[in-house]
Structure formats: structure tokens, C-alpha cells
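Undergrad: Okay, here's the structure, questions in a sec.
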Amino acid sequence: MKLTPELIIFGMLAGMAALSAVGVVAFKNAVRSALCLVFTFFILGFLYFALHMEMLGITQIVVYTGAIMVLFLFVIMLLNLGASHVLEEKSDPKKVVGLTFGVALAVLLASQIVPILIKVQAPKAMPQFGSPQVIGSILFTDYVYPFEAVSVLLLLGIVGSVLLAKRRLS
Amino acid sequence: MDWLRSLDPTLQDVLAALGRAILAIIPVFAPVPFIIWYERRLLSWMQDRIGPNRTGNITFSRTSKMIPSFLKGKKFKLFGLAQSIADGIKLFTKEDIMPTKTDKFLFILGPLIALFVALTLGGTIPWSGDRRFTPVADINVGLLYVMAISSLGAYGLVLAGYSSNNKYSLLGALRASAQLISYELAMGVSLAAMVMVTGSLKMTEIVAAQEGPLLGFIGFLPNWNIFTPFGLVSGFIFLICIFAETNRPPFDLAEAENELVAGYHTEYSTKRWGLFMMAEYMAMFTFSMVFSTVFLGGYHLPLRWEAIGMDFMTSIENSYLGGLSVMMLKGVVGLTLYIWVRATYPRFRYDQLMNLGWKFLLPVATGNLIVTATWIMITKVYGAAPGWMFSFGLYAVAVAVFVLLRSKKSTQYLDTRSVDMINQPARRTVDLVESKPEEVPA
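Spelled out as C-alpha cells, the structure:
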């Protein structure tokens, strides 16, 4: 296996993403966990850049890092959630069972994915694959009905939330 | 330079990218002391004060034997330019105070994120026509990159406010994040209209699209987006939004002194406070650059030199230093506007801020987007004249609808129906008072 610059960059990014993903569940402070999630999403965007998918990477950063996680953090700060000291048990059977199931799931997935991935050397998309022009034209020709359906769904969500918030308290 | 060419091509690319990154950071980083001095002096002039005008002046003695004779009694004026440098030295050598109950890691991280955002924001802006030097990365999502990075700016303020463990800081941070999220929408929609006009998200292509004759027939003026009706509306909205994104007056609710001490940076002092200030000024400057790239033709001057027979100016503009100076000039114009607005307008109230963002800027930007799309479609199908007629008709309809919606009756209707977070508690208490029997006088 040759050590190419792409591989080094991938290794660094993937390592950081995996570490911060572990941090999401490892930290007890909710703000720290949310920040780890932010960092994971941010690094995922860079992984897409490394695969020459600028559009997807930027969308990842705009939508997840820039919008959704700011709202998450906003809510966590508004509720002022600190570290939880109450919910700690010394011997918890859930931990053992959960660990067993988790390892089993990881082995199952790895057995399907790793044999395929191990042959891949420096995956790279075609030059125009995933550029804004291509995505736009496909979105507005082949996938125009799903696209419109999704937009109606989002509109329903907005109208519903306004309806819930508008209800007078009297 | 031959040894550079003998290197591995990948390493050459990496070195070139590093060089471009340094060239993109220096023009933003170096003028910061000058920008601060400029703001203080201009603001003083507008407020009929003097401002910092004498730090760094040197007057040599008339009588001392240590002074050479040609310097005796000479005065050297720096017009107070050294004031910012003196302030910087003071900030970096002061005792570093961190309150005890802060979240230390996040407390340090906050200003660093703000600085990161300010420095990387200009990554896709072309500073000149010379593609060897700028932009750092001419990716085909350049404008989206600016949106993405500026949306990260909320984290710096939010983390600073949260980690300070101070209620005023937290309130400032909450205000900042709500404000940034609200104004990002209008900013995105206003930029989307310009992307449709240009047909590309690449910053270099947005600049190139503004080189043609104005509206296709006025030969001596370039087709700057701000000169077209769609661009004028978009540019106006984008300008307001960048004021809000950089937390500058009249949108500086996150650090409203008379309500929140100093908002999100109440607990900050010394270097970290200095980093926040530097990040703010650099973000101001870079956003001015984004504005001039998208709306003011980038590194070009507002004349088409080929049309008036001055071709040599084109090559000057396309050289690195020429383009850089034009961009700097536009940046200074943008900064002047920032300072002018700061001297003119008082700070908004919070509900005014939200109303402006959601009820004025977003609908106007969306209307502009629809008119622009219609104009492009009709011009492509039927030609230019029907396109212009139709788009102006649509603008008239949009203005009529807007006036109708803003008329007194409908405003009252909307007010009673809308979710007004500020007024709701008051209404609730009124209901309570009414339901009580009036036996107990207050």
C-alpha cells in the first residue's frame, strides 16, 4: 500500500472525525458533546473536499455546522444543561449488554464493508461529478417532483410550528 | 527559482497554495492597526471631537548636545498612527486575568474561532486578475464558501458568552446567535439572485461577468451588479446583512453597553479581548471585499477602458499590485460606510432587529429573487425589451403588495395575530388582572 498525500490527508481527517465522534458520547457536559458533534460535521465537510466534492462539503458545513448545530447549542445553553452527576451507577448491566451488541454490530458491518474498501486506492470522483451545475440541472429535470415534494414538506413543517407557537394562552 | 521547479509537482502545488494563503492573509491582517486608527479619527471628526492625534509625535530638543544640529527643534508628526500599536503592546503585556469559574478550554477557544473565521473568510476572493497569486482556491462554490465560513462566526461569540459563566455574557451570546441565524437567510437569498444573474458560484466568474457593457448597451460603464435594478436591491439587503453579521452598530446588540455591560466579551481582557477586536475589524474589511467582489466588479475600476481607448489601464488592473490597490480602495470605502453608519444610527431594539430581518429583508430579498428569475426567463425566451417591461411590472406589483401589507389596518391585524415574544408576557398579565375581581386595590 503506497503512502500517497491523499492517503495522509484522509488519515488525518478521518482520525480527527472518529476521535471527536467518540467525544460526543464520552463527554458528560452537554455543551462539550455538542461541540464535538460540530467538529465531526466540520471535518466530514473536509473529507468531502478531499474527495473533490466541494459542493457536498460546503453544503455539509452550511447546513449542519452553521445552522443546525448553532440551534442545538442555543437550546442547550438556554436550558443551561450542565454535567449530570445524578445518573451514575457503579455496576450497570446495560453497559455490558450494550457493549456486546455494539461490538457485534461493528463486526457485522465491518465484515461487509472492509473486504470491498480494502481494494480501493485513492477514490476520486469524475472531474465534473457533483459540481453545482450538474446538481442543479439534475435537481430541476429528473428529480423535480421529489424536490418539490420535499419543499412542500418543509413548508408544512414551518406552518405547523407557526400554528403551534401562535396558539394564544388565554 | 530552478530548485523550486525540480521539486515534486505535488509539493510544488502545496507550496504555491501556502504562498497564496499568506498573500490572502497579509492584506487583511496588516491594515488592522490602520483601520482602528481610521475609525477613531473619522468617528471623532463626525462627532466634533479630535480623537487620537498625537501618539508617536517626536519633537527634538533645541538645546541638547546629543541631537545633531540638523534635527534641533524639528517636529515629526505621525497623526496618532502609533496609537493602535501602543494599544496593542499594552494589551499583550497586561496581566492576564481569567475569572475562576470559567470553562477554561472554551474560554480560550472562543476568540480563536472568531479569528479563524475572520482570516479564512477571504479564501475565495480574487484580489487581482493574476491567477498565480489569488484567490487561494478558485473552487466552483466560492460564494457558498463565504456563506459557510461566516455562519461559523456564531460559534466564537456563543462559546465566549457561555464559558464566561456570567449572565450578561450569556445573554449577549444568545442574542448574537439568534441575530446571525436570522440575517443569514436574507443574505443567502439576496446572493442567490446575483448567482442567477451570473450563472456561477465561482468568485472569478462573478467578477468576469461584471466586465461587460452595462445592461448590454451602455458601452463605457461596466456591468457592475450594483448598477442593475436587481443588483441594487440585492446589494442593499446584503449590505444591511453584513452589518448584522459583523455585529457592528446599529446591530451590536450582542455587546450593548447600556444593557449587557459589554455582552459576550464582558469577562475578557488583554490578549483575548484584543483578538476579538482584531477579528471584528478583519471581518469588517473582508466583508467589504466580498461586497465589492459580488456587487462592485471586484478588482476593476468603474470604467470600461477598452471603450474609451485607454487599454493600458486594463493591464494595470489585471496585475497583482494594481488589482490589490483597487480592492484596498474599495475596502476603505466600505469601512468608511461602516463608520459613517455607526456615527449616524442609534442601536436597534431587539424586536426591531427581528422585525427588520424577518418581516422586511427576507420578503424583499425573496421578491427580488422571483423578479430576477422571471427577468432571466423572459429575456431568454422573448428577448430583452419584454423582459425589462415584465420585470418592472413585477417590481410595481411587488411594491404595491408590500405597501398594502404595511398599511395601517393590515399592520394592526398582523400585530394582533403574530407571535410577538416581547409582548406576550405583558398580555398574559393583563388577562390575569382582568379576570380577578377588583376588590383588592393594589
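Respectively, the protein sequence lines represent chains Y and Z. Sequential numbering of the first sequence, starting at 1263, is according to the numbering used here. Sequential numbering of the second sequence, starting at 219, is according to the numbering used here. Beta carbons are placed, not taken as given, at the ideal position from N, Cα and C, and that holds for glycine.
1) Return the CA-CA distance between ASN441 (chain Z) and GLU423 (chain Z), expressed in angstroms with no decimal places.
2) I want to see whether chain Z comes within less than 8 Å of PHE1272 (chain Y), judged by CB atoms only; does it?
3) With 16 other CB atoms within 10 Å as the buried threshold, where does LYS322 (chain Z) fall?
4) What separation, rounded to the nearest whole angstrom, lies between the Cα atoms of LEU493 (chain Z) and VAL250 (chain Z)?
5) I want to verify the contact list: residues of chain Z whose CB lies under 7 Å from the CB of GLU1316 (chain Y), in sequence order.
6) May I ask you to report which of helix, strand or coil DSSP gives VAL1414 (chain Y)?
7) With DSSP as the reference, please indicate the residues paired to ILE436 (chain Z) in a beta bridge.
8) Should GLY390 (chain Z) and TYR499 (chain Z) be called a contact, given that it needs their Cβ atoms to be closer than 8 Å?
9) Tell me the start and end of each unbroken beta strand (DSSP E) in the stretch 233-296 of chain Z that is at least 3 residues and wholly inside, in chain order.
10) The alpha helix (DSSP H) that contains THR352 (chain Z), what's its start and end?
11) Any idea what DSSP makes of LEU1297 (chain Y), helix, strand or coil?
12) Got a sec: which bits of the stretch 415-429 of chain Z sit with their beta carbon under 7 Å from any beta carbon on chain B, in order along the chain?
13) Which same chain residues end up closer than 6 Å to ILE1420 (chain Y) when comparing Cβ atoms and leaving out the 5 residues on each side of it in sequence?
14) By how many angstroms is the C-alpha of MET365 (chain Z) removed from the C-alpha of GLU477 (chain Z)?
15) Between which two residues does the alpha helix (DSSP H) containing THR416 (chain Z) stretch?
16) Can the beta-carbon of TYR556 (chain Z) be found less than 8 Å from the beta-carbon of VAL589 (chain Z)?
17) Would you give the residue range spanned by the alpha helix (DSSP H) that ASN476 (chain Z) belongs to?
18) When you compare the CB positions of GLY341 (chain Z) and VAL354 (chain Z), do they come within less than 8 Å of one another, or not?
19) Would you call the CB atoms of MET1339 (chain Y) and TYR380 (chain Z) closer than 8 Å?
20) Among the residues of its own chain, which have a CB less than 6 Å from the CB of PRO431 (chain Z), if the five just before and after it don't count?
21) For the structure I just gave you, are there three or more beta carbon pairs, one from the stretch 1386-1404 of chain Y and one from the stretch 1305-1315 of chain Y, closer than 8 Å?
22) Give a yes or no on whether the C-beta atoms belonging to THR1302 (chain Y) and ALA1279 (chain Y) are separated by under 8 Å.
23) Could you name the residues of the same chain whose beta carbon sits closer than 8 Å to that of ILE526 (chain Z), not counting the 5 residues immediately before and after it, in chain order?
24) If you draw a straight line from the C-alpha of GLU313 (chain Z) to the C-alpha of THR488 (chain Z), how long is it?
25) Is the stretch 517-533 of chain Z touching the stretch 270-281 of chain Z, taking contact as three or more C-beta pairs under 8 Å?
TA: On the basis of the data shown:
1) Computed Cα separation, rounded: 13 Å.
2) no
3) Within a 10 Å sphere around the beta-carbon of LYS322 (chain Z) sit fewer than 16 other beta-carbons, which makes this residue exposed.
4) The straight-line gap separating the alpha-carbon atoms of LEU493 (chain Z) and VAL250 (chain Z) is approximately 11 Å.
5) ILE357, ASN358 and VAL359
6) VAL1414 (chain Y): helix per DSSP, three-state reduction.
7) Z:LEU432
8) no
9) none
10) From DSSP, THR352 (chain Z) is part of no alpha helix (DSSP H); its letter is neither H nor E.
11) helix
12) No chain B appears in the structure shown, which is made up of the protein chains Y and Z.
13) No residues qualify anywhere along the chain.
14) So the two alpha carbons sit approximately 30 Å from each other.
15) 385-416
16) no
17) 475-478
18) yes
19) Going by C-beta atoms, MET1339 (chain Y) is nearer than 8 Å to TYR380 (chain Z).
20) GLY437, listed in sequence order.
21) yes
22) yes
23) PHE438
24) When rounded, the separation of the alpha-carbon atoms in GLU313 (chain Z) and THR488 (chain Z) is 7 Å.
25) no
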